[in-house]
């Protein structure tokens, strides 16, 4: 059964080409919002906490600070409204899921940048 689902995902689901990114990276996600009959592009810039799943059901979680409040958003990788993803900074972290980042404040909340 699993192989059948994987086959259908590989053959029929169109995937978009996004740059490689992982936990600790700072990215900007541009996505389309519909308001009535109008559509506009909005962006969400923050640190990637995790990438979860595989294939067409893959998602990634981004966290940003809006004033003093932390805001997290989960994006499916195959969301039709997703327009583009820009990698602003590559971060050096030791884990694939950095949930501990939620509890850090001040200088401890910085992630070391990997130079390209």
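Numbering (UniProt numbering), first residue to last: 1 to 116.
We treat Cβ as the ideally placed atom computed from N, Cα and C, and that holds for glycine.
Model, not experiment: these values are computed from the prediction.
Endpoints, alpha helix (DSSP H) assigned at residue i
i	result
residue 2	2-12
Candidates the options: closest to residue i by CA position
i	options	result
residue 62	4, 47, 68, 16	47
residue 112	90, 96, 77, 106	90
residue 51	38, 23, 7, 39	23
residue 115	104, 103, 92	92
residue 102	64, 96, 21	64
residue 82	38, 15, 10, 8	15
Reduced DSSP secondary structure (H/G/I, E/B, other) of residue i
i	result
residue 21	coil
residue 106	helix
Residue interval of the beta strand (DSSP E) (run including residue i)
i	result
residue 27	26-35
residue 76	69-76
residue 93	Careful: residue 93 lies outside any beta strand (DSSP E) and carries neither H nor E.
Contact belief for residue i with residue j at Cβ below 8 Å, rounded distance in angstroms
i	j	result
residue 44	residue 60	Their Cβ separation, rounded to whole angstroms, is 11 Å, which puts residue 44 and residue 60 out of contact at 8 Å.
residue 69	residue 27	Not quite, the Cβ-Cβ distance comes to about 20 Å (not below 8 Å), so this is no contact.
residue 41	residue 30	6 Å
Sheet register partners of residue i (DSSP bridge)
i	result
residue 56	For residue 56, which the question treats as bridged, DSSP gives no partner whatsoever.
residue 51	60
Cutoff 8 Å: residue i Cβ touching any chain B Cβ
i	result
residue 44	Checking the listed chains, one finds no chain B in this structure; it contains a single protein chain.
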